[in-house]
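Protein chains in written order, with this note's numbering: chain A, 110 to 797; chain B, 118 to 244.
Down below is the structure, laid out as structure tokens.
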């Protein structure tokens, strides 16, 4: 009861009531006492009344005055102090509490300030700890990102239900259009991996946490991947698995080819050899053969010899086409090799700038060139040494040039006979050349003499800038079956897209000339997972349209038609909600083509025009430019009206509108679509 | 027209026997040696119009002999036809790089060899 009273009435009001009660109670007491005295002593009542009135009014006045003083010096300061303390408890305010306002409250204000100071100190300490931790996490994150991104093998981390949480660049190279939150089976024939997973699971039940190997084909069947899968266990729960794999296609096919070649060679040599042997035996043993038979046998030998030659020529051509690398080769920058050689030799060496890459054993090549240079200069008859490269097709030649005495092939042969390095045992320069399936020679040009070493060129190294900006997300929403409409917006993945067309009338024969799409997973725009393709419309593009999107007839000449582009786009959109600015327009083009594409675009759709109409003033502008301005999204002018530029702008606007919808209490896809429905009439008013 | 002379450098006796017979029959004067050093001696003694040169030889490789022919001003005009049983593309390129005019991989049809010799010597007479 008291509690309820105290909470219901403020402190100041309670003080006022207290003093009022004191005053009124005192007045009543005075009145009672005087009445009692008059009853006992008698006499004129006027005196009593007069005295009572003066005493009562005096008392009431005193109570009121002290009450006001209390209000001013106790109640108000207490309230002010309480409010200061509350503010400091709830928010980061490090200001001192003003002690003068509570000077009549004795040590309460200094005590409050002491608490305030302790609180501020604790906060600062916590802040420092958080900053330290954040910095540490950022360092570890950077390390981890570099490690995974540049791992020479493909790495994918998947959820227990086999959706991609992380992939690195090599995985992207090997598996193609891999993306976050996509099912692994879209990139890999999953059966061998599932088998390895079940073996891993069984081992885990037995208490062994170990990796299991698998050999699986990529989804398109073009590559074979050999790899290992290992579980990620946290809190005794399986929270996913890591797949590390490499391309085994070449190995497998090289082995298969070589076996095949060897068998063909044996067969191709055996048959004519047997026939020649038999025919020769006949010719030698039978002296009495008539001349025509003899000629016949000789002709037979001639034919068989021709077959033998053909077989050998065919086999050697096929053998040189089979690449077999028993010695480990890796892509090495030529610049690295040149620097390595320069560091190894004691003579001045002119190096040319180069961006080339070689597929070789870098150490062996550096050591070999270093040894050659050592021999070239050992007699002091050669100088002006230089190292450069020459590329022709799949071959890059290392050129070691010099001035002075020539080198004979005999000298080179002797030099190559020496062991290459103590690190390689007896392995000689000649062995290294054989392992690289190459040779070297000296030749003389107008500029001087040089040794030529042809090696296989490698694909240019991936530059750091090529990395996809978002390549992992460890907080993927769990895959929930059931009604998509009931799922939280934050759990959905979206494909924001835009099309450029030959005109504005899908039913009047206009066609798509470009499709661009961008994925949003877990609220993040995945700028690395884009879809951007020109489409051959199969009809001329009107000049007026070319002026808008700058796509001309020549540009789409070699492009895919809508059947192929549409299929690829359909794959890209799998499992996602489609989002576009004025989606009905873009979808009309796609849906009219569903028949020829052979796929249905039945994904849920959100339209940023309708969303904007629902969120903001109905009568306002809902153009993409207006929305960008509203949200402070800038589109570079040259990107405007390109499919990808508009897609990026739409995506930026869309994620911001998702935030606003959330704040409005719209959290599910169904809710967002209903919100749009309310606005459908706006669509009719808008002029597109 | 004087008879063209050919030096055959081949260490394998059986194929040398056959080639000597075939090249002689085609109307060339032929001398055969069986090693790298003997080839150098023969070149110094007698200046042939063409050398049929095997790559794998005792003492000195065919590549080296070809290089020496190309570097010696008095021998530079000699045509060189190299042949090998090695058969790799790199060997062919190396042979041409060190100065061979033609390169043949064993086995070859003997008619191809004589045709190649005729073509090289015909080209020579046109210069």
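Yeah, the Cβ is synthetic: ideal placement off N, Cα and C, and Gly gets one too.
None of the values given here were measured: they were computed from a predicted structure.
| message | If you follow the beta strand (DSSP E) that residue 558/A is in, where does it begin and where does it stop? | response | It spans 557–566 - the beta strand (DSSP E) in which residue 558/A sits, taken as one unbroken run.
| request: Report all residues from its chain with a CB closer than 7 Å to the CB of residue 203/B; omit the five preceding and five following residues, and keep chain order. | output: Same-chain partners within the cutoff: 172.
| request: Closer than 8 Å by C-beta to residue 515/A: which residues in its own chain qualify, once you throw out the five before and the five after it? Chain order, please. | output: The residues are 551, 553 and 558.
| said: Assuming contact is defined by CB atoms lying nearer than 7 Å, are residue 731/A and residue 718/A in contact in what I supplied? | reply: Their beta carbons are under 7 Å apart, which means residue 731/A touches residue 718/A by this criterion.
| said: For residue 576/A, which residues in the same chain have their Cβ closer than 7 Å to its Cβ, ignoring the five residues on either side in sequence? | reply: Because the pLDDT of residue 576/A is 47, which lies under 50, any placement of that residue in the model is unreliable, and the question is left without a value.
| Reduced DSSP category for residue 381/A - H, G, I as helix; E, B as strand; rest coil | Residue state for residue 381/A is assigned as helix, using DSSP reduced to three classes.
| message | If distances are taken between C-alpha atoms only, which option among 615/A, 725/A, 583/A and 127/A comes closest to residue 697/A? | response | Distances from the alpha-carbon of residue 697/A to those of 615/A, 725/A, 583/A and 127/A put 615/A closest.
| said: Measuring alpha carbon to alpha carbon, tell me which residue in 216/A, 421/A, 193/A and 666/A is nearest residue 206/A. | reply: With distances taken between Cα atoms, residue 206/A lies closest to 193/A.
| When the Cα atoms are used, what is the spatial distance from residue 167/B to residue 213/B? | Straight-line Cα distance between these residues: approximately 15 Å.
| said: Counting only beta-carbon separations shorter than 7 Å, does residue 511/A have a partner in chain B? | reply: Answer no: the Cβ-Cβ gap between residue 511/A and chain B never drops below 7 Å.
| message | Just to confirm the assignment, what range does the alpha helix (DSSP H) spanning residue 171/B have? | response | If you look at residue 171/B, you'll find it isn't in any alpha helix (DSSP H); it sits in the beta strand (DSSP E) that goes 167–171.
| request: Identify which residue in 340/A, 785/A, 320/A and 442/A has its Cα closest to the Cα of residue 690/A. | output: Residue 690/A has its Cα closest to that of 785/A, out of 340/A, 785/A, 320/A and 442/A.
| query | Fully enclosed by the segment 706–743 of chain A, which alpha helix (DSSP H) runs are 4 residues long or longer? | reply | Every alpha helix (DSSP H) stretch that sits fully inside the segment 706–743 of chain A and reaches 4 residues is listed by chain position as 717–724 and 733–740.
| task | Could you tell me whether the Cβ of residue 647/A comes closer than 7 Å to any Cβ of chain B? | result | Under the Cβ distance rule, residue 647/A does not count among the residues neighbouring chain B, no pair being separated by less than 7 Å.
| said: Please tell me whether residue 684/A has its Cβ less than 7 Å away from any Cβ of chain B. | reply: It does not; no Cβ of chain B falls within 7 Å.
| Local Cβ density within 10 Å of residue 318/A, reported as buried at 16 or more and exposed below that | Here residue 318/A is exposed, its C-beta having fewer than 16 other C-beta atoms within 10 Å.
| request: Taking only beta carbons into account, state which residues of the segment 547–559 of chain A come closer than 9 Å to chain B, listed in chain order. | output: Legend: CB atoms of the segment 547–559 of chain A lying less than 9 Å from CB atoms of chain B belong to residues 547, 548, 549, 550, 551, 552 and 553.
| field | For residue 142/B and residue 394/A, the rounded distance between their alpha carbons | value | The alpha-carbon atoms of residue 394/A and residue 142/B are separated by roughly 29 Å.
| request: Assign residue 574/A to one of three DSSP states: helix, strand, or coil. | output: Residue confidence for residue 574/A is low, a pLDDT of 44 falling below 50, so the modelled location carries little weight and cannot support an answer.
| task | Provide the residue span of the alpha helix (DSSP H) that contains residue 219/A, from first to last. | result | Counting along the chain, the unbroken alpha helix (DSSP H) around residue 219/A starts and ends at 217–258.
| query | For residue 331/A, does the three-state DSSP call read helix, strand or coil? | reply | Three-state result, residue 331/A: coil.
| message | Does the CB of residue 429/A have a neighbour CB from chain B at under 7 Å? | response | Taking Cβ atoms only, chain B reaches closer than 7 Å to residue 429/A, which makes this a yes.
| Fully enclosed by the segment 500–524 of chain A, which beta strand (DSSP E) runs are 3 residues long or longer? | 504–513, all fully within the segment 500–524 of chain A.
| said: Please return the same chain residues whose Cβ sits closer than 7 Å to the Cβ of residue 453/A, not counting the five positions on each side in sequence. | reply: Cβ within range, chain order: 475 and 479.
| said: Against chain A, does residue 177/B count as a neighbour if the rule is that its beta carbon must be under 7 Å from one of theirs? | reply: Chain A places a beta carbon closer than 7 Å to that of residue 177/B, counting this residue as a contact.
| What first and last residue would you give for the beta strand (DSSP E) that runs through residue 315/A? | Residue 315/A -> no beta strand (DSSP E), and no H or E assigned at all.
| Taking Cβ positions only, does residue 169/B come closer than 7 Å to chain A? | For residue 169/B, the answer is no, since every Cβ of chain A falls outside 7 Å of its Cβ.
| query | First and last residue of the alpha helix (DSSP H) that includes residue 771/A? | reply | Bounds of the alpha helix (DSSP H) holding residue 771/A are 752–772.
| said: Against residue 515/A, what residues of chain B qualify as contacts under a CB-to-CB distance less than 8 Å, listed in chain order? | reply: The contacting residues are 184 and 188.
| task | State yes or no: is the beta carbon of residue 248/B nearer than 7 Å to at least one beta carbon in chain A? | result | Limits of chain B in this structure are 118 at one end and 244 at the other, which puts residue 248/B out of reach.
| Considering only residues of the same chain and omitting the five flanking positions on each side of residue 699/A, which have a CB-CB separation below 6 Å? | Counting only residues of its own chain and dropping the five nearest sequence neighbours on each side, residue 699/A has a CB closer than 6 Å to the CB of 710.
| message | Can you pull out the residues from the segment 118–138 of chain B whose beta carbon lies closer than 8 Å to at least one beta carbon of chain A? | response | Within the segment 118–138 of chain B, contact with chain A at the beta-carbon level (separation under 8 Å) is assigned to no residue.
| task | Ignore the nearest five residues each way along the sequence and tell me which others in residue 775/A's own chain have a CB closer than 6 Å to its CB. | result | Answer for residue 775/A: 781 and 784, listed in chain order.
| request: Answer with buried or exposed for residue 332/A, where buried requires no fewer than 16 other C-beta atoms within 10 angstroms of its C-beta. | output: The residue in question, residue 332/A, is buried, as its Cβ has 16 or more Cβ neighbours within 10 Å.
| query | Is there a Cβ from chain A that is less than 7 Å from the Cβ of residue 214/B? | reply | Yes - at least one Cβ of chain A is within 7 Å of the one on residue 214/B.
| field | DSSP state of residue 623/A mapped onto helix, strand, coil | value | In this structure, DSSP gives residue 623/A an extended state, which the three-state scheme calls strand.
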